[in-house]
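Going down the list, the sequences are from chains A and B. The first sequence lines up with residues 17 to 142 when you count with the numbering used here. The second sequence lines up with residues 348 to 831 when you count with the numbering used here. The beta-carbon is built from N, C-alpha and C at its ideal position, and this holds for glycine as well. Working notes, structure below.
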Amino acid sequence: MRKIGIATALVVALLAGAAYAQRATERFIPLGQSPGVSGKLSAIGTIVAVEREARRISLEAPAGRITVAVPESASIWIDRHERGLGAKTGSFADCHEGRMAEVKFADPETKQVAEWVKLRDADATP
Amino acid sequence: MGGFAMKRERERELLRRIADREAPRPGPLGAKSVRQPASAYTCPERFARERDALFRGMPNLVGLSAECPRPGDHLGADLGGVPAVVLRQRDGSLRGFVNACRHRASRLLGEAGSTGAAIVCPYHGWTYGLDGALRARPRAEAGFDDLANRFVMRGVPHVLALRTSIASAAGPRTGWSGDGAPGDGSLRSFATGAVIQHFTKTLNRVPGVDFRLPTDEELDALEAFQLSLGRQQDLALPLPLRDPVIARGQAIFLDPAVGKCNLCHVDAGATADFGGGNLGNQNFDTGVEELPDQGPDLLGEANPPDDGLGIPGDGTFNTPPLVEAADTGPFFHDNAVATIEDAVAFYSGDAFDQSPSGRILAASDPQGVSIDLDATQGAAVAAFLRAINSLENIRESIGLLERAVRGGGSRKQDARLLARAAAETEDARAVLAGAGLHPDAVALLERARALVEKARGSCLWRERHAREAIRALEQARDLVIGSS
């Protein structure tokens with residue numbers, strides 16, 4: 017019984033801590049080149065719609081149109097490496113229609129919520 | 348001519364003195380002369396004592412105040428090994444500082460000159476006012492923006508037995524937070540994060556400019572290499588240990604009502620099992636951050652709290668495997684304690700008791716106790732951890748020697764195998780000798796080490812010495828562990 021008690025208590029405690037991929041270095045990886053993520057756990061495409069109040073964006077990706085929520089907890093970065101500049105922290109205000117973006121899904125099964133968003137530098141050569 | 352005669356006489360006297368070593372040799376001051384041994388000029392300990400006596404703990408002359416007439420003018424000096432700088436302030440006063448940046452301790456100012464209105468570290472550009480106050484930290488987005496909360500120092504964890512220790516239901520966990528890789532967070536992606544973090548030319552971290560991202564082939568190769576390091580499988584406890592104290596330590600380790608160690612370190616590895624099956628590698632908040640006498644705090648250094656996994660952190664840190672622990676201290680994410688004995692004792696202290704993990708353990712205990720080992724029990728658990736560490740070193744060393752004996756590799760490869768075998772053998776010896784365990788096995792390990800060194804230095808007898816070393820290692824192992 018004691019073992020079961022420990023198991024219940026600690027498993028509940030552990031469920032709160034899902035594994036993270038390291039965001040501190042992720043921001044510096046160019047759009048579309050994240051190892052194990054790009055093309056598997058993310059969608060890459062052009063932003064075709066932005067719902068500001070609902071914090072949702074829609075992408076036109078090769079696999080079709082996809083709409084994801086971008087919660088406050090999601091990191092947004094601007095990939096400026098094409099201009100020889102370091103990555104920059106962005107905000108939801110930087111999500112504009114026509115901009116290239118990569119969205120990593122918090123849950124790759126449902127594909128409804130973003131864990132992070134990388135935006136292509138607006139000044140990059142198209 | 349007279350002068351010449353005098354010189355000849357002096358010459359003869361000097362020659363006599365050189366020839367007669369036992370005779371007293373008065374110096375230029377006659378009987379008052381003091382002879383200095385040569386070590387007075389070469390002994391580092393004496394140098395340190397002289398430096399302390401002459402230059403520390405008392406005022407030192409750095410220069411004349413007239414040499415620093417305007418605000419920002421400065422004079423640098425080495426005060427007994429401490430770099431110092433005296434700086435003219437805006438109000439006309441002079442102030443002295445340690446001439447080192449608080450970021451990476453780079454020297455801030457040269458010997459003399461003017462720094463203008465501010466001091467800028469040449470290394471990473473941290474900027475200070477003339478009063479020494481930190482004014483700016485460029486590249487704040489790289490992690491330097493919130494010194495009070497985000498700038499933490501973590502120990503370097505060992506990377507042995509990764510194959511057995513990082514898998515969990517939530518994904519692979521690497522590093523002290525369990526979030527050690529970008530991308531999918533896998534061990535394969537770990538190298539990408541390492542390149543970005545550590546091998547960048549500048550803190551701009553622009554891919555293609557400051558670093559090159561590893562290719563898929565390189566990531567595959569590096570993952571394979573990392574997985575090849577150390578143990579490839581977990582132990583199967585209990586082991587038939589010969590020493591009664593070490594065996595007692597193992598029993599306490601495994602007992603879910605006493606040591607409770609095996610709950611989070613199944614078979615002394617890095618996976619957890621609370622009775623419902625193996626949960627894989629996990630993170631816990633064990634209260635290490637709450638230890639009362641943290642070294643940096645005692646020294647008055649900035650010691651911001653480390654909040655563990657996530658942003659903001661949840662206070663948890665990753666569980667490392669214990670088989671390799673005893674000789675890879677200091678321990679815990681912040682190198683809080685030095686020895687394996689201290690690390691075991693931590694779990695019977697207040698910091699663990701009051702931690703989330705300690706409270707959960709206590710809530711599940713009929714007596715409401717988390718972990719409460721007395722001194723002899725704690726020492727026995729530490730002795731057990733030392734023993735399994737030594738056995739792992741012996742296993743690794745034997746494997747390396749067998750590969751070297753088997754041949755097939757280049758001469759350079761064999762030399763590397765022997766060098767690693769020597770290091771592993773020394774580790775096996777030191778971890779036992781460090782607590783006075785198994786002196787008989789320690790003697791054999793010393794012999795094995797000597798034989799490996801002979802093998803390294805011999806072309807003709809290399810194989811013979813290596814085989815003898817293997818035998819000595821096997822004998823040492825058999826003294827620690829019997830046949831099951």
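Exposed is the label assigned to residue 500 of chain B, since fewer than 16 other Cβ atoms lie within 10 Å of its Cβ. Leaving aside the five residues that flank residue 570 of chain B on each side, the residues in its chain whose CB is nearer than 6 Å to its CB run, in chain order, 534, 535. Between the region 687 to 698 of chain B and the region 625 to 641 of chain B there are three or more C-beta pairs closer than 8 Å, enough to call the two in contact. With a minimum length of 4 residues, the unbroken runs of alpha helix (DSSP H) contained wholly in the region 630 to 679 of chain B fall at 642 to 645.
For residue 119 of chain A, the closest Cβ of chain B is not nearer than 8 Å. Between residue 680 of chain B and the set B/669, B/565, B/655, the nearest pair of CA atoms involves B/655.
Note that the region 406 to 416 of chain B does not touch the region 387 to 398 of chain B; fewer than 3 beta-carbon pairs, one per stretch, sit closer than 8 Å.
Closest by C-alpha distance to residue 731 of chain B, out of B/404, B/593, B/581, is B/593. The contact set of residue 566 of chain B on chain A, defined by CB atoms closer than 7 Å, consists of 51 in chain order. Going by beta carbons, residue 561 of chain B and residue 538 of chain B fall inside the 8 Å limit. Not flagged as an interface residue toward chain A: residue 765 of chain B, since no C-beta distance is shorter than 8 Å. Around the beta carbon of residue 67 of chain A, fewer than 16 other beta carbons sit within 10 angstroms, so the residue counts as exposed.
Per DSSP, the continuous alpha helix (DSSP H) segment holding residue 708 of chain B begins and ends at 703 to 710. Taking each of B/451, B/422, B/523 in turn and checking the Cα distance to residue 682 of chain B, the smallest one comes out for B/523. For residue 652 of chain B, no chain A residue has a C-beta closer than 7 Å to its own C-beta; the minimum C-beta separation is roughly 17 Å.
For residue 83 of chain A, there are no C-beta contacts with chain B under 9 Å, since the nearest C-beta of that chain is about 23 Å from it.
By the C-beta density criterion, residue 78 of chain A is exposed, having fewer than 16 other C-beta atoms within 10 angstroms. Of the candidates B/746, B/409, B/600, the residue whose Cα lies closest to the Cα of residue 691 of chain B is B/600.
Here the alpha carbons of residue 548 of chain B and residue 558 of chain B stand approximately 7 Å from one another. Using a CB distance below 7 Å, the part of the region 543 to 563 of chain B facing chain A consists of 543, 544, 551, 552, 553, 554, 555, 556, 560, ordered along the chain. Residue 115 of chain A and residue 85 of chain A do not touch by the CB rule: their CB atoms are close to 18 Å apart, not below 8 Å. Annotation: residue 638 of chain B to residue 56 of chain A spans about 43 Å, alpha carbon to alpha carbon.
DSSP places residue 616 of chain B in the coil class of the three-state scheme, outside both helix and strand. In its chain, beyond the 5 residues on either side, 426 have a beta carbon closer than 6 Å to the beta carbon of residue 407 of chain B. If you compare the alpha carbons of B/640, B/794, B/724 with that of residue 591 of chain B, the shortest gap goes to B/724.
By the criterion of at least three beta-carbon pairs nearer than 8 Å, the region 641 to 648 of chain B is not in contact with the region 700 to 711 of chain B.
In this chain, residue 818 of chain B is not harboured by any beta strand (DSSP E); it is covered by the alpha helix (DSSP H) spanning 809 to 827.
In this structure, residue 687 of chain B lies away from residue 722 of chain B, with their beta-carbon atoms at least 8 Å apart. Using a CB distance below 8 Å, the part of the region 512 to 546 of chain B facing chain A consists of 515, 517, 518, 519, 520, 522, 524, 525, 526, 527, 528, 529, 530, 531, 532, 533, 535, 536, 539, 540, 543, 544, ordered along the chain.
The beta carbon of residue 436 of chain B lies closer than 7 Å to those of 418, 442, 477, 478 in the same chain, with the five residues before and after it left out. Of the other Cβ atoms in all chains shown, fewer than 16 fall within 10 Å of the Cβ of residue 659 of chain B; this residue is therefore exposed. Contact annotation, residue 769 of chain B with residue 796 of chain B: C-beta distance approximately 6 Å; criterion of less than 8 Å satisfied. Taking a C-beta distance under 8 Å as the contact criterion, residue 447 of chain B and residue 454 of chain B qualify as a contact pair. Membership of residue 435 of chain B in the beta strand (DSSP E) is indicated by the continuous run 429 to 435. When the alpha-carbon of residue 821 of chain B is set against those of B/754, B/761, B/748, the nearest one is in B/748.
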